[in-house]
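These notes are about the structure you will find just below.
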Amino acid sequence: MFSTQERLKRKTPAGGINRRAYLCLLVDEYYETSNLEAQQQVTANLANFAYDPINWTFLREAKAHELFYDIVQQSTGSVVDRLLLLHAIVGLANISLDPAIAEFIERSNGYDQLRALLEKYQTDCEIVCNALTCYSFLLNDTSTDQLKKDKGLLVRWMSATSARVQPTVGTMFRLTRTFRETDVKQFVALTGDSNPIHVSTTNDCERKEQLFVNGAFLNGVIAGIIGSNFPGFVVTTQKFRFPNRCQLDKEVQFSVTVEEMRKIVTVSYESKQSDRVVFEGIAKLFAVRK
Numbered sequence: 003m004f005s006t007q008e009r010l011k012r013k014t015p016a017g018g019i020n021r022r023a024y025l026c027l028l029v030d031e032y033y034e035t036s037n038l039e040a041q042q043q044v045t046a047n048l049a050n051f052a053y054d055p056i057n058w059t060f061l062r063e064a065k066a067h068e069l070f071y072d073i074v075q076q077s078t079g080s081v082v083d084r085l086l087l088l089h090a091i092v093g094l095a096n097i098s099l100d101p102a103i104a105e106f107i108e109r110s111n112g113y114d115q116l117r118a119l120l121e122k123y124q125t126d127c128e129i130v131c132n133a134l135t136c137y138s139f140l141l142n143d144t145s146t147d148q149l150k151k152d153k154g155l156l157v158r159w160m161s162a163t164s165a166r167v168q169p170t171v172g173t174m175f176r177l178t179r180t181f182r183e184t185d186v187k188q189f190v191a192l193t194g195d196s197n198p199i200h201v202s203t204t205n206d207c208e209r210k211e212q213l214f215v216n217g218a219f220l221n222g223v224i225a226g227i228i229g230s231n232f233p234g235f236v237v238t239t240q241k242f243r244f245p246n247r248c249q250l251d252k253e254v255q256f257s258v259t260v261e262e263m264r265k266i267v268t269v270s271y272e273s274k275q276s277d278r279v280v281f282e283g284i285a286k287l288f289a290v291r292k
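Just so we're aligned: 261 in this note's numbering is position 259 of the sequence shown, and the numbers increase by one with no gaps anywhere.
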C-alpha cells in the first residue's frame with residue numbers, strides 16, 4: 003500500500019528524524035562502512051523505500067539511485083556480493099519510474115549496463131527478471147531505436163525466464179527469503195515441533211532475539227528448490243549439517259548447485275545468512291517420472 007504525506011507525519015514521532023534525513027543517513031552509512039552485512043541491510047532498506055512513489059523525491063535527493071547504479075555498474079566488471087546486486091537492481095527497477103531518475107539512467111548508458119547485467123547473470127532468475135523490469139520501465143515514446151537495437155536480445159531473455167532452466171553440471175538455483183516468527187509458528191503447527199528454542203510464548207523481546215529457525219524448515223526450502231527444478235525426481239539420500247543458527251528476521255540466501263548429471267543426479271546446497279553458513283549438504287536424486 004502506498005503512503006500519503008499525512009501518514010508519513012503520523013508515523014514520524016515528535017522530535018524524530020524525518021524521512022529525507024533518514025534516507026540520507028542510510029546512503030552515507032553504505033559508503034562509510036566496510037561491513038558487508040551493514041551494507042546489505044542498507045541496500046535492502048533503500049530498495050524497500052523505492053517501492054513507494056512518495057519516497058522517490060527523498061531517494062533522489064539522497065542520491066540513492068546513484069548508489070544502486072554504482073553497484074550494478076561494478077557488477078558487470080568485477081565480482082559483487084549477489085545480495086547487494088539484487089537489492090540494487092530491485093531498487094533501481096522500482097525507482098526508474100520516476101522521470102528524473104529514468105533520465106539519469108539513460109544518460110549514464112543504462113541500457114548498456116542492463117544488457118551487460120543480463121548477459122552476465124542470465125541464469126539468475128531474480129536478477130534477470132528485475133533487470134528486464136527496469137529496462138521496460140525506461141522505455142518511452144522515443145525508445146523506438148533502442149527497441150529495434152535490442153529486440154532480438156529481449157526476446158531471448160524473456161523466453162529464457164519463461165522457460166524452465168535445463169540443469170547441467172554447474173547450474174545453480176537460488177532463492178532468498180526471510181523467516182518471520184509467524185512463519186515458524188505455522189511450521190510448528192504443522193509439524194508439532196514446539197521446541198522452545200524456536201518459538202516463544204511470551205512477549206520478551208530479548209527472549210525472541212535468541213530464537214532460531216527449525217533445521218527441518220531450512221531443509222524444506224531446499225527441497226522446494228530441488229522439487230521445482232527437477233520435476234519427476236525424488237531425493238534418495240542426503241547428508242547435511244547445521245554449522246550455525248539461522249536467526250529470525252534476517253535474509254537467508256539458499257543455493258542448489260548441480261554437481262553430477264548421471265542416472266543418479268548429485269546436487270550440493272547451501273544456506274547462508276550474513277556470510278555465515280547455517281545449513282549445507284549434498285543430496286542424490288533419482289528420476290521416477292520424466
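Glycine included, each C-beta is placed from N, C-alpha and C at the ideal position. Just so you know, these numbers come straight off a predicted model, no measurement behind them.
Beta-carbon contacts of residue i that lie in its chain and below 6 Å, excluding the five residues immediately before and after
i    : result
K274 : Q255
N57  : F51
F219 : F189
P2   : No information on residue 2 is available, as it lies outside the stretch 3 to 292 that the chain covers here.
V223 : F256
Y24  : none
E31  : V44
V280 : N246, C248, S273
Counterpart residues of residue i in DSSP-defined beta bridges
i    : result
V223 : In the DSSP output, where bridge partners are listed per residue, V223 has none listed.
A191 : Beta-bridge pairing links A191 to no other residue.
K286 : T239, T268
L177 : F256
Candidates the options: closest to residue i by CA position
i    : options                : result
I97  : Q188, V186, T78, Y137  : Y137
A95  : D114, L134, Y123       : L134
L213 : L140, V29, D185        : D185
Q124 : R176, T45, F139, L141  : R176
R264 : Q249, F235, R243, Q240 : F235
N246 : G222, E272, I284       : E272
T59  : V280, D30, I284, R22   : R22
T193 : R182, V237, G217       : G217
H67  : V280, E105, A191       : E105
E183 : N111, T268, D251, V269 : D251
S270 : V171, A191, S230       : V171
K65  : Q43, N37, Y33, G226    : Y33
N221 : N231, K241, F232       : K241
Proximal residues to residue i (C-beta, below 8 Å), its chain only, five neighbours per side dropped
i    : result
T178 : L85, L88, E128, E253, V254, Q255, F256
N335 : For the chain, the structure presents residues 3 to 292; residue 335 sits outside this window and is missing.
K122 : S77, T78
E39  : S276, D277
I266 : T238, K286, L287, F288
Nonlocal neighbours in the same chain, by C-beta distance under 7 Å from residue i, ignoring five residues either side
i    : result
T35  : Q41
Q115 : V74, Q75, T78
V62  : Rather than Val, the amino acid found at residue 62 in this sequence is Arg. D100, A102, I103, listed in sequence order.
Q249 : F214, Q275
F70  : A90, G93, L94
N47  : L28
S5   : Because the pLDDT of S5 is 46, which lies under 50, any placement of that residue in the model is unreliable, and the question is left without a value.
R243 : E282, G283
A289 : G234, F235
G18  : Note that G18 has pLDDT 49, beneath the 50 cutoff, so the model's placement of it is unreliable and no number is given.
Within-7 Å CB hit, residue i to chain D
i    : result
Q212 : No chain D is part of this structure, which consists of one protein chain only.
Contact test: residue i Cβ vs the ligand GTP heavy atom, cutoff 6 Å
i    : result
S138 : For the structure depicted, the ligand GTP is absent and the ligand set is empty, with no information on it obtainable.
Pick out the complete alpha helix (DSSP H) segments inside the region 15 to 61, 4 residues or longer, and give them in chain order. Within the region 15 to 61, the complete alpha helix (DSSP H) segments of 4 residues or longer fall at 21 to 34, 38 to 51, listed in chain order.
Taking only runs that begin and end inside the region 240 to 283, name each unbroken beta strand (DSSP E) of 3 or more residues, in chain order. List check, beta strand (DSSP E) in window: 253 to 263, 266 to 275.
Given 8 Å as the limit, is there contact between the region 262 to 277 and the region 187 to 202, that is, 3 or more CB pairs closer than that? With a cut-off of 8 Å, the region 187 to 202 and the region 262 to 277 do not count as touching, because too few Cβ pairs lie within range.
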